[in-house]
Structures are given as structure tokens and as C-alpha cells.
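Undergrad:
In our numbering, the protein residues as written are 265 to 573.
1. For residue 433, which residues of its own chain have a beta-carbon under 7 angstroms away from its beta-carbon, when the five flanking residues on both sides are left out?
2. What are the uninterrupted segments assigned as alpha helix (DSSP H) that are 4 or more residues long and contained completely in the stretch 497 to 542, given in chain order?
3. For residue 445, tell me which candidate among 403, 392, 453, 385 has the shortest Cα-Cα distance.
4. Is the beta carbon of residue 347 less than 8 angstroms from the beta carbon of residue 517?
5. Within its chain, find whatever has a CB closer than 6 angstroms to the CB of residue 421; leave out the 5 residues flanking it on each side and keep chain order.
6. Out of curiosity, what's the CA-to-CA distance linking residue 336 and residue 309?
7. On the CB-based measure, 16 or more other CB atoms within 10 Å of its CB, does residue 508 come out buried or exposed?
8. Could you check where the beta strand (DSSP E) with residue 362 kicks off and where it finishes?
9. Quick check on the burial criterion: 16 or more other C-beta atoms within 10 angstroms. Buried or exposed for residue 382?
10. Let me know the secondary structure DSSP gives residue 470 once reduced to three states.
11. Please classify residue 323: is it buried, with 16 or more other beta-carbons within 10 angstroms of its beta-carbon, or exposed?
12. Suppose you measure from the CA of residue 290 to the CA of residue 544; what does that come to, to the nearest Å?
13. Shorter than 8 angstroms from the beta carbon of residue 557 to some beta carbon of chain B?
14. Within 8 angstroms, do at least three Cβ pairs link the stretch 479 to 488 to the stretch 555 to 566?
15. On the CB-based measure, 16 or more other CB atoms within 10 Å of its CB, does residue 569 come out buried or exposed?
16. In whole angstroms, what separates the C-alpha of residue 353 from that of residue 534?
17. Report the three-state DSSP secondary structure of residue 388 (helix, strand or coil).
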């Protein structure tokens, strides 16, 4: 089996929430290492069907080998943002069982040095989930205006020193392009004040650039909206998010779609809500899991059920 290091966060909680049943159709929007998919397949085989999306060749190669015994699995090499067209192409009108969506980047992606996600290894500025894309972190760092850099560092990274960092980037790149992760990380360290913290000074900026390169927040809204259109009556969405920006989008969209009135008119003209919240507060990882995999501490699981026929 190809080497692929990945920890499946809240595997049991997220799959339990789907209430898997044989004979129904399920979708794993983020295949990754195949942890969630494997558990779903164990529960729905042999008559259930699972479609799993990923754009990462390493993930697809690993998961294909791991899950090769299941003939009721279809792996789709495409972005989950194309779920509507892909489901139509595979003859699926309604997702009758449920959808799982793990919004976090995989451990493999974040730690594989040449992918350029980490400031702990020197590598070309990349950060693409889809290696077929022409747009990378290099383009953001060397092509965006100072104001645009401030905007994404502030909005996507919640970085308090966004202006200082953006100004330093623009100053340096006027002399020569910033090409590697360590060049950028060192620049961030040098342009920000020393503060006692366990978080590396480059953490928030790297997160912001990754989000921008991969359109992560826009994609969250699109996939959730599209999935709601595809769900059959009683089907479930199980979503794991890893930072506050993602979770806020998921929470607000689910809350809005679950309301009886969404028009705020004196006389309501809204159609009945499409979903019901299964958990009003997010489910968190267990203490045992957090000890085993510390990054799971930030994970939040939100679950809804389709109630519109």
C-alpha cells in the first residue's frame, strides 16, 4: 500500500450520525485516507452505494488500495463543488442516505514537505489541494496587492499584524520574488513583534493563504447549498469543521435553512424548512481522541436531517 499518513477525526461520531442503512446512497465529499468511507462501507454493504470525492492523487491511490474489496464504492477524482454534475453523470437523482464532509486538510497534505503547506519544511510556495490547478501560494504572495494581502490575512487568518506582514512582503518581493515556505516564514517572524505564545508567528498567515489558494470558505457554502438540493427525505448531512471561520458558515447556513420563517415579512411567505438540526451545539472530539491526535481538539461536528419530501 502506498504511504499516506492520515488520522480520521471523529470517525465513529461522524459516521454514527449518518445512521447508515444498507440499500441507500451515501456520499463522502472528502475521501482523504478513506477512514470515514471504510466505516460507511462496512455498514451499508452489500446493497448500499457510496460515492467518494477527492482531488488529491495521493489520497485516491491510498484509499483505492485500502478499499479495493468494496465493489459498491465509486471514487470520483473531482472537487466536491461539482457534486451536482457528478451525481447526475452517475445517474443519482437523490442522495437517500446521507453526506459526510470533513473540511480539514489531511495530515498528509499538511506535512508532505514538497506540497508547501508547512513553514517547518523548506519547499516551493504551493499549498494547492488540486495539483492540476494553475494557481498557487506563489501567486498570492507575489501577485496580490498590499491591500489584498491585508484583507486575506485579517479575514482568513485573523492575523493581528496583517498590515506589517503585508508591507514586508511587498517590500521584499520588489527586489526578488518570494519562492519558498521558509523565506515567507522567516519574513513573517522578522516583521512581527516577539510575543510569548506556543503558536508559530507564521501559522495564521499560512492558513489564510491556503484558504485563498483553494477557495475553501466559498466552497463550503457552495457544497452545503448543493447538497441540500440533492438530499432525499430523511437523509443526513454530517459536517466536521476545524476552524471558526468554517464552523461559522456551517452553523449559520444550517440555522437559516432550519427556520420556519426566513423572509421576515409581516405575513410569512416562506416554504417549509428543508432541514432539522440534529444537534444545536457541535459535537466535540473525546478526550481520548484529543490525546491520540491533538489537532482534533479544534474539530466540531454539526448534523442535520432533511425533512422536506
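Don't be surprised by glycine CBs; every beta carbon is placed ideally from N, CA and C. As the structure is a computational prediction, the values presented were derived from the model and not from experiment.
TA: Put simply:
1. 405, 413, 442, 451
2. 508 to 522
3. 385
4. It is not a contact, given that the beta carbons lie outside the stated cut-off.
5. Excluding residues within five positions, the ones whose Cβ falls inside 6 angstroms are 468, 469, 471, 472.
6. 7 angstroms
7. Burial check for residue 508: the Cβ neighbour count within 10 Å stays below 16, so the residue is exposed.
8. Residues 362 to 366.
9. For residue 382, the number of other beta carbons within 10 angstroms of its own is at least 16, and it is reported as buried.
10. In this structure, residue 470 counts as helix in the three-state DSSP scheme.
11. buried
12. 23 angstroms
13. Checking the listed chains, one finds no chain B in this structure; it contains a single protein chain.
14. no
15. buried
16. 32 angstroms
17. strand
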